[in-house]
Amino acid sequence: MEVLERIKEQVESNPVILYMKGTPQMPQCGFSSRTAEALKACGHEFAYVNVLMDPEIFENLPQFADWPTFPQLYIQGELVGGCDITLDLHERGELQKMVSAAAGSD
Amino acid sequence: MVIQTSIEHKIQSALHPVFLEVANESHMHNVAPGSESHFKVTVVSHEFDGKLPVARHRIMNRLLAEELAGTVHALSLHTFTPEEWQEKNGEIRNSPPCMGGSKAG
Chain A
1 MEVLERIKEQ
11 VESNPVILYM
21 KGTPQMPQCG
31 FSSRTAEALK
41 ACGHEFAYVN
51 VLMDPEIFEN
61 LPQFADWPTF
71 PQLYIQGELV
81 GGCDITLDLH
91 ERGELQKMVS
101 AAAGSD
Chain B
1001 MVIQTSIEHK
1011 IQSALHPVFL
1021 EVANESHMHN
1031 VAPGSESHFK
1041 VTVVSHEFDG
1051 KLPVARHRIM
1061 NRLLAEELAG
1071 TVHALSLHTF
1081 TPEEWQEKNG
1091 EIRNSPPCMG
1101 GSKAG
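Below, the structure written as structure tokens:
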């Protein structure tokens, strides 16, 4: 499958998916780590892709959503943002609501 | 200081910020001394009025596309309208420590 199709399929089939450096258990970047922690705190399962282990996605994800940096969080197929936006939403209690709503729609 | 100055100039001329802080945080990461790889940018501008966070970040990413395609590896963005900034009282989260995932690819 062509990589952009593969990414599209991932973001559409997973209600919450995080593209990050490393894994939630072993993050390899401070920004990815904080984003994963905020998601974990929401108390629902979420999908993730370790972009360091998938060079094709690493190269093409920025083009997919016209967003040049990692991590990238998608909820219900939409780009939510990177670390700064996700943490702002978390601090305001909005991330929890978005994740719960997405998990409920699964 | 070359990249930092360029970032500052681009933001100044495009967004006419009422507050702008460009901090080079490269020393917090595993890069050579004097590097310009990690930046934290705080911008307060009326250009963000009525815009959602993703739209604000897209403005910044486009403005600094050249830098991001070059030596800038991490860009932490804190974007506020003057009203939000006043409410926030200028308190901005600290950036995270490096965890070793260097610029792969």
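Chains as they are written, first to last, in the numbering used here: chain A, 1 to 106; chain B, 1001 to 1105.
In this text, a Cβ means the ideal position worked out from N, Cα and C, and glycines have one as well.
If we define contact as Cβ-Cβ less than 8 Å, is residue i a contact residue for chain B?
{"i": "I57 of chain A", "result": "no"}
{"i": "L52 of chain A", "result": "yes"}
I'd like to confirm the pairing. Which residues does DSSP put opposite residue i in its beta bridges?
{"i": "G81 of chain A", "result": "A:L73"}
{"i": "I1059 of chain B", "result": "In DSSP, I1059 of chain B forms no bridge with anything."}
{"i": "A1074 of chain B", "result": "B:H1038"}
{"i": "T1079 of chain B", "result": "B:V1043"}
{"i": "E1021 of chain B", "result": "B:T1042"}
{"i": "M20 of chain A", "result": "A:N50"}
{"i": "A27 of chain A", "result": "It is worth fixing the name first, because residue 27 of chain A is Pro in this sequence and not Ala. P27 of chain A is bridged to A:G22."}
Would you decide whether residue i is buried or exposed? Buried here means 16 or more other CB atoms lie within 10 Å of its CB.
{"i": "S1013 of chain B", "result": "exposed"}
{"i": "G82 of chain A", "result": "buried"}
{"i": "D84 of chain A", "result": "buried"}
{"i": "K1103 of chain B", "result": "Because K1103 of chain B sits at a pLDDT of 48, beneath the cut-off of 50, its placement in the model cannot be relied upon, and the point is left open."}
{"i": "E94 of chain A", "result": "exposed"}
{"i": "V99 of chain A", "result": "buried"}
{"i": "T1079 of chain B", "result": "buried"}
{"i": "H1029 of chain B", "result": "buried"}
{"i": "H1016 of chain B", "result": "exposed"}
{"i": "Q1086 of chain B", "result": "exposed"}
{"i": "T1005 of chain B", "result": "exposed"}
{"i": "P1097 of chain B", "result": "exposed"}
With a cut-off of 8 Å, does the C-beta of residue i fall near any C-beta of chain A?
{"i": "P1017 of chain B", "result": "no"}
{"i": "H1027 of chain B", "result": "no"}
{"i": "S1076 of chain B", "result": "yes"}
{"i": "V1054 of chain B", "result": "yes"}
{"i": "H1046 of chain B", "result": "no"}
{"i": "H1009 of chain B", "result": "no"}
{"i": "N1061 of chain B", "result": "yes"}
{"i": "L1020 of chain B", "result": "no"}
So residue i and residue j are supposed to be a Cβ contact under 8 Å. How far apart are they, rounded?
{"i": "I7 of chain A", "j": "I57 of chain A", "result": "6 Å"}
{"i": "S1035 of chain B", "j": "A1074 of chain B", "result": "With a Cβ gap of about 11 Å, S1035 of chain B and A1074 of chain B do not count as contacting."}
{"i": "S32 of chain A", "j": "P71 of chain A", "result": "5 Å"}
{"i": "M53 of chain A", "j": "A36 of chain A", "result": "So it is not a contact: roughly 15 Å between Cβ atoms."}
The segment 17-42 of chain A: which residues have C-beta closer than 8 Å to a C-beta of chain B, in chain order?
K21, G22, P27, Q28, C29, G30, F31, S32, S33, R34
Chain-ordered residues of the segment 66-86 of chain A with a beta carbon less than 8 Å from chain B: D66, W67, P68, T69, L79, V80, G81, G82, C83, D84, I85
Exercise. Any residues in the segment 1080-1101 of chain B with a beta carbon nearer than 9 Å to a beta carbon of chain A? Which ones, in chain order?
Worked result: R1093, S1095, P1096, P1097, C1098, M1099, G1100, G1101
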